[in-house]
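Okay, so the sequence shown: first residue is 1 according to UniProt numbering, each after it adds one.
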Amino acid sequence: MRPQFEHVAVPAGHSWALLWRELPDLPFLWHYHPEFELTLTLNARGQRYIGDHLADFDDGDLVLVGPNLPHTWSAQQRLDAQQPMLAIVVWFSRDWLAGLIQALPELAPLWTLANGASRGLSFSADTARAVRELLPGLHDRDAARRQPLLLEVLLRLAADQDARPLASSGQGMIEADAQRERIGRVLDYLHAHFQEDIAVEDLARRAALSPGAFHRFFKRHTLQTVLGYITQLRIGRACQQLIQTDKPVGVVAEQAGWRNLAHFNRQFRAHKGVTPREFRARYRAG
């Protein structure tokens with residue numbers, strides 16, 4: 001299976017991104033992106049795929065994945081059935097790391113860490129326990145106070161002499177900078193406006209391509225059609241709202257971009273295997 005390109009959006013006013021992801025299970029989503037990804041997985045037991053490496057993982061799994069290395073976690077078993085699985089994910093770019101080291105040469109060990117992450121890195125039990133105590137603290141801090149905590153985490157990872165590579169080789173799918181910047185412009189727009197009606201011609205103009213060439217370009221980089229990508233974004237927003245709010249299903253559908261409730265229900269069931277109401281009830285039943 002070819003991995004899917006994932007666009008990582010860094011919020012305005014931030015230099016890296018944090019995802020606090022609570023789910024009833026971890027679906028298999030084989031993907032890659034140009035950012036480094038640090039993932040701590042809690043209350044879950046399943047399988048982890050990093051490049052060509054497959055292994056079982058358990059509660060407290062800690063992995064650093066390098067740029068453009070395909071990866072995913074897949075799990076259906078929760079250690080505590082009354083609590084959701086939790087994935088704490090940090091994304092940061094090579095440019096961000098280079099800027100830190102240029103400003104603060106004392107952080108040079110982070111380059112060694114970054115180079116090792118090209119194959120994916122799993123860390124010792126002692127390091128994983130220490131990071132488990134630190135990383136959740138990012139969630140409740142403001143943007144400025146997150147910085148020293150993330151640096152403490154990265155320096156602990158860099159000091160772990162027992163960290164081990166996972167994939168047999170770095171499998172990065174490096175794109176030309178111009179191509180990456182072009183698809184980035186398009187995806188930034190889609191992520192900001194997916195609830196709206198979007199004309200392919202407008203997206204093609206943003207990519208400076210004809211509509212026909214744009215369709216081929218978009219599918220080559222995302223492995224999806226434009227409509228499929230927008231639908232995925234809308235389904236993701238709907239799932240988030242169904243889990244985290246008590247909004248009526250019709251409101252969730254409209255705010256995710258659907259104008260027709262019956263169409264939303266059909267598409268949601270096609271993607272998730274259950275109706276929106278069943279999805280909400282199943283999650284809250286634990």
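Quick reminder that beta carbons are idealized off the backbone N, C-alpha and C, glycines included.
*When we look at the beta-carbon of residue 174 and count the other beta-carbons within 10 Å, is it buried (16 or more) or exposed?*
Legend: pLDDT at residue 174 = 42, less than 50; position of this residue unreliable, no value from coordinates given.
*Do the segment 6 to 21 and the segment 59 to 72 make contact, defined as three or more Cβ pairs closer than 8 Å?*
no
_Tell me whether the segment 20 to 35 and the segment 87 to 96 touch, counting them as touching only if at least three CB pairs, one residue from each stretch, are closer than 8 Å._
yes
*Cβ contact check for the segment 223 to 239 and the segment 255 to 271: 3 or more pairs under 8 Å*: yes
*Within its chain, find whatever has a CB closer than 7 Å to the CB of residue 117; leave out the 5 residues flanking it on each side and keep chain order.*
36, 64, 65, 66
_For residue 273, tell me which candidate among 5, 7, 27, 13 has the shortest Cα-Cα distance._
27
_Whether or not the segment 156 to 167 and the segment 111 to 129 are in contact is what I'm after, with contact meaning three or more pairs of Cβ atoms, one per stretch, closer than 8 Å; do they touch?_
yes
*Hey, would you say residue 136 sits closer than 9 Å to residue 78, going by beta carbons?*
no
*asked:* Could you give the first and the last residue of the continuous alpha helix (DSSP H) run that contains residue 46?
replied: That residue, residue 46, is in no alpha helix (DSSP H); its beta strand (DSSP E) goes 45 to 50.
*asked:* At the level of alpha carbons, what is the spacing between residue 140 and residue 208?
replied: 41 Å
*Mind checking residue 39: buried by the 16 CB within 10 Å criterion, or exposed?*
buried
*asked:* In this structure, how does DSSP classify residue 119 when only helix, strand and coil are distinguished?
replied: helix
*Outcome for residue 260 when other beta-carbon atoms lying within 10 angstroms are tallied against a minimum of 16*: exposed
*Would you mind sorting residue 68 into buried or exposed? The rule is 16 or more other CB atoms within 10 Å of its CB.*
buried
_Alpha carbon of residue 222 to alpha carbon of residue 99, nearest angstrom_ = 29 Å
*Would you mind working out which of 211, 198, 189, 246 sits nearest residue 8, comparing C-alpha positions?*
189
_Which complete alpha helix (DSSP H) runs does the segment 81 to 126 hold, if anything under 4 residues is left out?_
94 to 103, 109 to 116
*asked:* Please classify residue 55 as buried or exposed, where buried requires at least 16 other C-beta atoms within 10 Å of its C-beta.
replied: exposed
_Please list the terminal residues of the continuous beta strand (DSSP E) segment that includes residue 61._
61 to 65
*Exposed unless 16 or more other CB atoms sit within 10 angstroms - verdict on residue 225*: exposed
*What are the boundary residues of the beta strand (DSSP E) that residue 196 is part of?*
Per DSSP, residue 196 belongs to no beta strand (DSSP E) and is neither H nor E.
_Minimum length 4: unbroken alpha helix (DSSP H) runs contained in the UniProt domain "HTH araC/xylS-type" (184 to 282)_ = 200 to 206, 211 to 222, 226 to 244, 249 to 256, 261 to 272
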